[in-house]
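K.L.:
Residue numbering for the sequence shown follows our numbering, starting at 137 and increasing by one per position.
The beta carbon of each residue, even a glycine, is placed where N, CA and C say it ideally should be.
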Amino acid sequence: GYKPANEEPSEYQTIPLNKIEDFGVHCKQYYSLEVSYFKSPLDKRLLDSLWNKYWVNTLSSSSLLTNADYTTGQIIDLSDKLEQSEAAVTRANLGFMISGESSQDRRTEDKLAKATRDSCKTTIEVIHGLMAQIVKNRLFNQVGPAKNESDKMES
Numbered sequence: 137g138y139k140p141a142n143e144e145p146s147e148y149q150t151i152p153l154n155k156i157e158d159f160g161v162h163c164k165q166y167y168s169l170e171v172s173y174f175k176s177p178l179d180k181r182l183l184d185s186l187w188n189k190y191w192v193n194t195l196s197s198s199s200l201l202t203n204a205d206y207t208t209g210q211i212i213d214l215s216d217k218l219e220q221s222e223a224a225v226t227r228a229n230l231g232f233m234i235s236g237e238s239s240q241d242r243r244t245e246d247k248l249a250k251a252t253r254d255s256c257k258t259t260i261e262v263i264h265g266l267m268a269q270i271v272k273n274r275l276f277n278q279v280g281p282a283k284n285e286s287d288k289m290e291s
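Written out as structure tokens, the structure reads:
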């Protein structure tokens, strides 16, 4: 069978809670496969043709709207993870108060750290979408030279 390396992946990947539950004890038996792409001259012609036909749609689309369902799913998943962590913290605190020892602190902290990374990743994706919209707005919706506050006051 496959034996995973003991090192963390180079890039953090968000794993949905339902997939964590699906994989369970078998999570270390899965591994990523390398994927390679190639582009033939025909592919290049097709892509150029598609770009010429759809460039307006590409520039006028918004990743915030396109990815709205995905982002909503990420936020719901994050909420579920935080609720699980909150329940684990409550159980750990109760166990500590009763027995004086806390064995789940490390696992709970790890779950919270992963939830924090997930929230940062989702936030960055949304911020990138907002920045793209701002850039498009400034590039395509600005009529004439931009006026600053001092120009407005002189008028």
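What distance in whole Å lies between the Cβ atoms of residue 150 and residue 211, which are believed to be in contact at a cut-off of 8 Å?
P.N.:
At roughly 11 Å, the Cβ-Cβ gap does not stay under 8 Å, so residue 211 and residue 150 are not in contact.
K.L.:
Taking the alpha carbon of residue 215 as the point to measure from, which residue in 248, 266 and 175 has its own alpha carbon closest?
P.N.:
Nearest of 248, 266 and 175 to residue 215, Cα basis: 248.
K.L.:
Quick one: is residue 148 near chain D, going by C-beta distance under 8 Å?
P.N.:
Protein chains in the displayed structure number just one, and chain D is not present.
K.L.:
For residue 201 and residue 255, what's the separation of their Cα atoms in angstroms?
P.N.:
Approximately 19 Å between the Cα atoms of the pair.
K.L.:
Who are the Cβ neighbours of residue 266 in its own chain at under 8 Å, not counting the five residues just before and after it?
P.N.:
Excluding residues within five positions, the ones whose Cβ falls inside 8 Å are 200.
K.L.:
Fully enclosed by the stretch 165-231, which alpha helix (DSSP H) runs are 4 residues long or longer?
P.N.:
Counting only runs of 4 or more, we get 177-196 and 199-202.
K.L.:
According to the Cβ coordinates, are residue 152 and residue 246 closer than 8 Å?
P.N.:
No. Outside cutoff.
K.L.:
Could you pull out every residue in the same chain whose Cβ sits closer than 8 Å to the Cβ of residue 180, ignoring the five residues on either side in sequence?
P.N.:
Excluding residues within five positions, none has a Cβ falling inside 8 Å.
K.L.:
Out of 185, 217 and 223, point me to the one whose CA is closest to residue 155's CA.
P.N.:
Closest option to residue 155, Cα to Cα, is 217.
K.L.:
Evaluate residue 208 with the Cβ neighbour count: other Cβ atoms within 10 Å of its Cβ, from every protein chain shown; 16 or more gives buried, anything less gives exposed.
P.N.:
Looking at its Cβ environment, which holds fewer than 16 other Cβ atoms inside 10 Å, residue 208 is exposed.
K.L.:
Within 10 angstroms of its Cβ, does residue 168 collect 16 or more other Cβ (buried), or is it exposed?
P.N.:
That one is exposed.
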